[in-house]
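Trainee: Count along the sequence shown from 1, add 249, and you get the number used in our numbering.
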Amino acid sequence: MAMALRLYLLLIVFVSSAIVSFSLYEDQVGLMDWHQRYIGKVKHAVFHTQKTGRKRVIVSTEENVVASLDLRHGEIFWRHVLGTKDAIDGVDIALGKYVITLSSEGSMLRAWNLPDGQMVWETSLHSAQHSKSLLSVPVNLKFDKDYSILVFGGGYLHAVSPIDGELLWKKDFTAEGFEVQRVLQPLESSIVYVLGFLHSSEAIVYQIDSKSGEVVAEKSKAFPGRFSGEISAVSNDKVVVLDSTRSILVTISFVDGEISFQKTLISSLVEDSGEAEILSPLLSNMLAVKVNKRTIFVRVGDQGKLEMVDSLSDETAMSDSLPVADDQVAFASVHHEGSKIHLTVKLVDDLDTVLLRESIQMDQHRGRVDRVFINNYIKTDRSNGFRALIVMEDHSLLLLQQGAIVWSREEGLASVTDVTTAELPVEKDGVSVAKVEHTLVDWLKGHILKLKGSLLLASPEDVVAIQEMRMKSSGRSKLTRDHNGFRKLFIALTRAGKLFALHTGDGRIVWSTLLNSPACARPSGISLYQWQVPHHHAMDENPSVLVVGRCGSDSSSPGVLSFVDVYTGKEISSSDIGHSVVQVMPLPLFTDSTEQRLHLIADTDGHVHLYPKTPEALGIFQREFQNVYWYNVEGDDGIIRGHGMKSSCAGETADEYCFTTRELWTVVFPSESEKIISTLTRKPNEVVHTQAKVSTDQDVLYKYVSRNLLFVATVSPKGAGEIGSVTPEESALVVYLIDTVTGRILHRLSHQGCQGPVHAVFSENWVVYHYFNLRAHKYEVTVVEIYDQSRAENKNVWKLVLGKHNLTAPISSYSRPEMFTKSQSYFFPQSVKTIAVTSTAKGITSKQLLIGTIGDQILALDKRFVDPRRTLNPSQAEKEEGIIPLTDSLPIIPQSYITHSLKVEGLRGIVTAPAKLESTTHVFAYGVDLFYTRLAPSKTYDSLTDDFSYALLLITIVALVAAIYITWALSEKKELSEKWR
250 MAMALRLYLL LIVFVSSAIV SFSLYEDQVG LMDWHQRYIG KVKHAVFHTQ KTGRKRVIVS
310 TEENVVASLD LRHGEIFWRH VLGTKDAIDG VDIALGKYVI TLSSEGSMLR AWNLPDGQMV
370 WETSLHSAQH SKSLLSVPVN LKFDKDYSIL VFGGGYLHAV SPIDGELLWK KDFTAEGFEV
430 QRVLQPLESS IVYVLGFLHS SEAIVYQIDS KSGEVVAEKS KAFPGRFSGE ISAVSNDKVV
490 VLDSTRSILV TISFVDGEIS FQKTLISSLV EDSGEAEILS PLLSNMLAVK VNKRTIFVRV
550 GDQGKLEMVD SLSDETAMSD SLPVADDQVA FASVHHEGSK IHLTVKLVDD LDTVLLRESI
610 QMDQHRGRVD RVFINNYIKT DRSNGFRALI VMEDHSLLLL QQGAIVWSRE EGLASVTDVT
670 TAELPVEKDG VSVAKVEHTL VDWLKGHILK LKGSLLLASP EDVVAIQEMR MKSSGRSKLT
730 RDHNGFRKLF IALTRAGKLF ALHTGDGRIV WSTLLNSPAC ARPSGISLYQ WQVPHHHAMD
790 ENPSVLVVGR CGSDSSSPGV LSFVDVYTGK EISSSDIGHS VVQVMPLPLF TDSTEQRLHL
850 IADTDGHVHL YPKTPEALGI FQREFQNVYW YNVEGDDGII RGHGMKSSCA GETADEYCFT
910 TRELWTVVFP SESEKIISTL TRKPNEVVHT QAKVSTDQDV LYKYVSRNLL FVATVSPKGA
970 GEIGSVTPEE SALVVYLIDT VTGRILHRLS HQGCQGPVHA VFSENWVVYH YFNLRAHKYE
1030 VTVVEIYDQS RAENKNVWKL VLGKHNLTAP ISSYSRPEMF TKSQSYFFPQ SVKTIAVTST
1090 AKGITSKQLL IGTIGDQILA LDKRFVDPRR TLNPSQAEKE EGIIPLTDSL PIIPQSYITH
1150 SLKVEGLRGI VTAPAKLEST THVFAYGVDL FYTRLAPSKT YDSLTDDFSY ALLLITIVAL
1210 VAAIYITWAL SEKKELSEKW R
């Protein structure tokens, strides 16, 4: 018996130790999260394809990224994301080993090491006024260090050493009315030509010594008309300018400093000419001009005479000219037709000589070609080969070579503007489990491998097999729903007007659609809404999303609606709605029989329009006509207005789905003391588990939960600038909580000596916001919780337990609320870009704040740290409730970064969505990069982990049963032997 007991205890110790050692593995990294790196829409590209070293292309983008891409696979060798206000103006290569970038409107020049991207030097240049930013790296400087980099910006011309970034000299061109247009330096010449216009009516050319910066000569000549500012440099001593009427091209020659003009009417070059536009490609002795939706090529003769030599469709993109063998210069033209891309490379001097003509099949619709950059190489047969880097309308980047797409990058995902979620389709009935799941033998083999890993007996090959097995068996990449709600689609809308469906399992693109508008080529101001979300009784309908945009940048421009199927990505319909779009108001509580959600769209005339335009939707809306309210914020004027429905527009228009509104209230903030910098409301679909909160003294606090609360933050006008631009006495931050039905200000809180920017999150009955304290020179976080005092008679917890309360009593916004607030402020050691909060299916799980830091990482902070009830010495009851002792600052725990060591470069937003499991929430962050993970703020209390070893559990059960049986047998044997004594 004693031996059996020892055996039993030994087995228990062994099993328990095995389970503990199974808690964490290195190969689990990446099972629940993914990270994707992007660079954005490319605007400059320089190839580096020398025989030594890897072949690469240096690019700069509209997301202020400079990067080095592998020409073979399109992978990122290195990249640097500059600040949001540090836009890149130019990029080039110097001395064959430095990448030179000019940014911040010509005031910041940097050199990066070409192989690894390390910064070599940085030079800040003097800037006195807004002007063009021009970067000139002489051709000789590609390999000869005796030449300097020329930079014009802020009204000054600078010469900078390429070795260490030392400023050699600078020249002042800040004279009133003078605008520098071009800086040119002929090959192997020590003279720099600076061409500019004085009051757009006089051309001035300065000749400057490139070594000393001294002005050698200055010539000027008045022009009878005015210049438009569009200019193309066709050679080292000639430029072509468009006049202010956009009907005359003027050739300006400045040979040896002598200026001469030669006018050419565009009507003499092409018939039926209208307003012209000079295009950006730089061509040798030729320029491209857009006229009447056509692109014409105009050759510049020796005497400045212009001659049209060819014309193309305006959908054609052209590259800069490129020197090729035998002193010839070529350029490329690319256009998109149907599902093919047509690439043509011609000689500039002889357009009839075609060096390359290819047609490449596209895998999907990417829109028109936006930009093209070419590079040449020598083939094995000593002939010229060409590769083309093209930027499409959807911001995607493609490399074309030898008639094929070598690689492509979906760079549109670097400019996500809006995100929503969608469910995957239900797995169809009749599918055999054996076809989609592992066989029993594979299942057993897998768990045996897991067991070996648990006991630290797995070989390196077994570890790799375990990782592959987990990736496959988890089913995370299947395109059907799972019972835990872990598999979803994130629908992302980009600035280019393209929709992407991203799978939460591995981040792959399930489908993508470039929206087509019948009214305009590229809608602006677009936003994304859930349109149709079918439930179980309408599963024959696919869910869909609504995309709203404008045909123009002005708010009065006509609106465009597009409806897209979530499962297939097909655009169901797209239409011009015939009125402007000022504000879109989803009505999530109102749906028709097909689960289409009702939406109201407000226009500039003060009308609102109901969608979908169906009799059923109209009937539903009319029943709730008097209960629909909305508001709008006029931030520049410091006004918030509340509106209600009035009547139909029947007297003004025949549209029965149009309604007039009436202004109910107005809140005006005094412009001399307050400026609106932030507004925020709760998520309309947020789930609140309970309104009651039991305090430490067994009283019940009732949360003031209202969908009509608006958080508003204002700051003194002087404090609306950069942090530190004002003294504490000159700035004050004031926050308001306003009821949007009545316009009543429910709470006001002032922070003297503080300023924005303000980043806030609103959930349930509390709001947390982040700002800067000028007096303390620190960032602060303040929490405000709102409680309903009208239910004071229900403060006893037993009434709540026994159901003797009035929680179901109707509440009206027009009844004066009896409420009180609790607030507390804490120092926070970092600047913040955005704040979000976790959301779960039933709202039971504890909340976590997701704070996007200035370092482009995401910190998960337990809501208990910003509890306004924290005290220095909490009582025993408060400790039992989980209230943390009060400290003056919030902690940053390194293990709380959900991004681990990764960065979401250019972080702009964080989106959360609940899973079906109450413990789990989805988190999606977007910026230049994308990041996704699953969080369990209160741990996974309602499920087993994915790597739980069922085999080990089975072995444990069998061992315990065997031990019990052995113990029983030994006990019986002992009793029998004792009876025979």
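Using N, Cα and C, we set each Cβ at its ideal position, and we do this for glycine too.
Spell out a yes or no on whether the stretch 323-338 and the stretch 356-371 are touching, meaning 3 or more CB-CB pairs, one atom from each, closer than 8 Å.
Mentor: Touching, per the Cβ criterion.
Trainee: Please confirm if the stretch 1173-1186 is in contact with the stretch 1148-1161, defined as three or more CB-CB distances below 8 Å between the two stretches.
Mentor: Cβ pair count under 8 Å is three or more, so yes.
Trainee: Tell whether a beta-carbon distance below 9 Å holds between residue 906 and residue 859.
Mentor: Position 657 of the sequence shown, counted from the first residue, corresponds to residue 906. Position 610 of the sequence shown, counted from the first residue, corresponds to residue 859. Result yes, Cβ atoms of residue 906 and residue 859 sit closer than 9 Å.
Trainee: Measuring straight from C-alpha to C-alpha, what distance separates residue 632 and residue 321?
Mentor: As a working mapping, residue 632 is identified with position 383 in the sequence shown. As a working mapping, residue 321 is identified with position 72 in the sequence shown. When rounded, the distance between both Cα atoms is 21 Å.
Trainee: What ranges does the beta strand (DSSP E) occupy inside the stretch 828-902, keeping only unbroken runs of at least 3 residues that lie completely in it?
Mentor: Fully enclosed beta strand (DSSP E) runs of 3 or longer: 832-840, 846-851, 856-860, 878-883 and 888-897.
Trainee: Taking the alpha helix (DSSP H) that residue 1208 belongs to, which residues open and close that run?
Mentor: By one-based count along the sequence shown, residue 1208 stands at place 959. Unbroken alpha helix (DSSP H) run through residue 1208: 1199-1228.
Trainee: In the DSSP output, which residue or residues are listed as bridge partners for residue 420?
Mentor: For the purposes of this step, residue 420 is taken as the residue at position 171 of the sequence shown. 406.
Trainee: Can you tell me the Cα-Cα spacing of residue 431 and residue 1088, whole angstroms?
Mentor: The count along the sequence shown starts at 1 and reaches residue 431 at position 182. The count along the sequence shown starts at 1 and reaches residue 1088 at position 839. Cα to Cα, residue 431 sits roughly 55 Å from residue 1088.
Trainee: Please return the same chain residues whose Cβ sits closer than 8 Å to the Cβ of residue 379, not counting the five positions on each side in sequence.
Mentor: The residue labelled residue 379 in the question sits at position 130 within the sequence shown. 354 and 403.
Trainee: List the DSSP bridge partners of residue 1071.
Mentor: Taking the sequence shown and counting its residues from 1, the one referred to as residue 1071 is at position 822. In DSSP, residue 1071 forms a bridge with 1034.
Trainee: Pull up the distance between the alpha-carbon of residue 910 and that of residue 958, whole angstroms please.
Mentor: Taking the sequence shown and counting its residues from 1, the one referred to as residue 910 is at position 661. Taking the sequence shown and counting its residues from 1, the one referred to as residue 958 is at position 709. Computed Cα separation, rounded: 21 Å.
Trainee: Taking the alpha-carbon of residue 413 as reference, which of 405, 427, 441 and 371 has the nearest alpha-carbon?
Mentor: Working through the sequence shown from its first residue, we reach residue 413 at position 164. Of the candidates 405, 427, 441 and 371, the one whose C-alpha sits nearest the C-alpha of residue 413 is 371.
Trainee: If you drop the 5 nearest sequence neighbours on each side, which residues of the same chain put their C-beta closer than 6 Å to that of residue 511?
Mentor: Mapped onto the sequence shown, residue 511 falls at position 262. Closer than 6 Å at Cβ, skipping near neighbours: 500 and 553.
Trainee: Quick one: what's got a C-beta closer than 6 Å to residue 427's C-beta in the same chain, skipping five residues either side?
Mentor: If you number the sequence shown from 1, residue 427 lands on position 178. Hits under 6 Å: 445 and 447.
Trainee: Taking just the CA atoms, how far does residue 783 sit from residue 685?
Mentor: By 1-based counting over the sequence shown, the position of residue 685 is 436. By 1-based counting over the sequence shown, the position of residue 783 is 534. Here the model assigns residue 685 a pLDDT of 39, short of 50, so the residue's position is not dependable and the matter cannot be decided.
Trainee: Can at least three beta-carbon pairs, one atom from the stretch 883-902 and one from the stretch 932-943, be found at a separation below 8 Å?
Mentor: With the cut-off at 8 Å, the stretch 883-902 and the stretch 932-943 do not touch.
Trainee: Distance, Cα to Cα, residue 386 vs residue 503?
Mentor: Start at 1 with the first residue of the sequence shown, and residue 386 comes out as number 137. Start at 1 with the first residue of the sequence shown, and residue 503 comes out as number 254. One C-alpha to the other measures close to 21 Å.
Trainee: What does the alpha-carbon distance come out to for the pair residue 540 and residue 491?
Mentor: Taking the first residue of the sequence shown as 1, we reach residue 540 at position 291. Taking the first residue of the sequence shown as 1, we reach residue 491 at position 242. Those two C-alpha atoms are separated by around 12 Å.
Trainee: Please return the same chain residues whose Cβ sits closer than 6 Å to the Cβ of residue 791, not counting the five positions on each side in sequence.
Mentor: Position 542 of the sequence shown, counting from 1, holds the residue named residue 791. The residues are 814 and 816.
Trainee: Determine the direct distance from the alpha carbon of residue 752 to that of residue 758, and round the result to whole angstroms.
Mentor: Translated into positions along the sequence shown, residue 758 becomes position 509. Translated into positions along the sequence shown, residue 752 becomes position 503. Taking the straight line joining both Cα atoms gives about 7 Å.
Trainee: Within the stretch 283-316, note down every full alpha helix (DSSP H) run reaching 4 residues or more, in order along the chain.
Mentor: Those alpha helix (DSSP H) runs which fall completely within the stretch 283-316 and span 4+ residues do not exist here.
Trainee: May I ask you to report which of helix, strand or coil DSSP gives residue 965?
Mentor: Mapped onto the sequence shown, residue 965 falls at position 716. Here residue 965 sits in coil by DSSP.
Trainee: Please list, in chain order, all residues of the same chain as residue 531 whose beta carbon is under 6 Å from its beta carbon, the five residues on each side excluded.
Mentor: What you label residue 531 is simply residue 282 of the sequence shown in a count that begins at 1. Result list for residue 531: 569, in chain order.
Trainee: Could you give the residue range of the beta strand (DSSP E) that holds residue 430?
Mentor: Indexing the sequence shown from 1 puts residue 430 at position 181. 427-433 is the extent of the beta strand (DSSP E) around residue 430.
Trainee: Tell me the DSSP secondary structure of residue 1001 in three-state form.
Mentor: Taking the sequence shown and counting its residues from 1, one reaches residue 1001 at position 752. Correct three-state label for residue 1001: strand.
Trainee: Given that a residue counts as buried once 16 or more other Cβ atoms are within 10 Å of its Cβ, and exposed if not, what is residue 396?
Mentor: For the purposes of this step, residue 396 is taken as the residue at position 147 of the sequence shown. Label assigned to residue 396: buried.
Trainee: Give me the Cβ distance between residue 800 and residue 794, rounded to the nearest whole Å; I'm assuming they're in contact under 8 Å.
Mentor: For this step, residue 800 is matched to residue 551 along the sequence shown. For this step, residue 794 is matched to residue 545 along the sequence shown. 20 Å between Cβ atoms; not a contact.
Trainee: Quick one: Cα of residue 1118 to Cα of residue 1073, how far?
Mentor: What you label residue 1118 is simply residue 869 of the sequence shown in a count that begins at 1. What you label residue 1073 is simply residue 824 of the sequence shown in a count that begins at 1. Cα to Cα, the separation comes out at about 8 Å.
Trainee: Per the contact definition of three or more C-beta pairs closer than 8 Å, is the stretch 724-735 in contact with the stretch 647-658?
Mentor: As far as the Cβ criterion goes, the stretch 647-658 does not touch the stretch 724-735, which means the pair count is below three.
Trainee: Counting C-beta neighbours from all protein chains within 10 Å, is the total for residue 368 16 or more, i.e. buried, or is it exposed?
Mentor: Counting from 1 along the sequence shown, the entry for residue 368 is found at position 119. So residue 368 ends up on the exposed side.
Trainee: Between which two residues does the alpha helix (DSSP H) harbouring residue 1260 extend?
Mentor: No answer is possible for residue 1260: it lies beyond the span of the chain, which begins at 250 and ends at 1230.
Trainee: Please list, in chain order, all residues of the same chain as residue 1227 whose beta carbon is under 7 Å from its beta carbon, the five residues on each side excluded.
Mentor: Numbered from its first residue, the sequence shown carries residue 1227 at position 978. Hits under 7 Å: none found.
Trainee: Between the alpha carbons of residue 1137 and residue 1153, how many angstroms are there, rounded?
Mentor: Position 888 of the sequence shown, counted from the start, is the residue given in the question as residue 1137. Position 904 of the sequence shown, counted from the start, is the residue given in the question as residue 1153. Each residue's alpha carbon lies about 29 Å from the other.
Trainee: Check whether the stretch 300-312 touches the stretch 761-778, counting contact only when three or more Cβ pairs, one atom from each stretch, lie closer than 8 Å.
Mentor: At 8 Å Cβ cutoff, the stretches do not touch.
Trainee: Within the continuous beta strand (DSSP E) that includes residue 924, where are the two ends?
Mentor: The count along the sequence shown starts at 1 and reaches residue 924 at position 675. Where residue 924 is concerned, the enclosing beta strand (DSSP E) stretches over 924-930.
Trainee: Hey, residue 963 and residue 925 are a contact pair by Cβ (cut 8 Å); roughly how many whole angstroms apart?
Mentor: The residue given as residue 963 occupies position 714 in the sequence shown. The residue given as residue 925 occupies position 676 in the sequence shown. That pair is a contact at about 5 Å.
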